[in-house]
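Residue numbers (my numbering): 57 to 87.
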């Protein structure tokens, strides 16, 4: 079902910064 509530979207948006930080750390370790 594609019935995402605004609450779910807000959670995803709030979690984005954490994901980007983890990705940056991973890329640094790889490099």
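Beta carbons: idealized from backbone N, C-alpha and C, even for Gly.
Which of the three DSSP states, helix, strand or coil, is assigned to residue 7?
Past the edges of the chain, shown from 57 to 87, lies residue 7, and the structure says nothing about it.
How long is the line joining the alpha carbons of residue 83 and residue 77, rounded to whole angstroms?
10 Å
What did DSSP end up calling residue 59 once you bin it into helix, strand or coil?
coil
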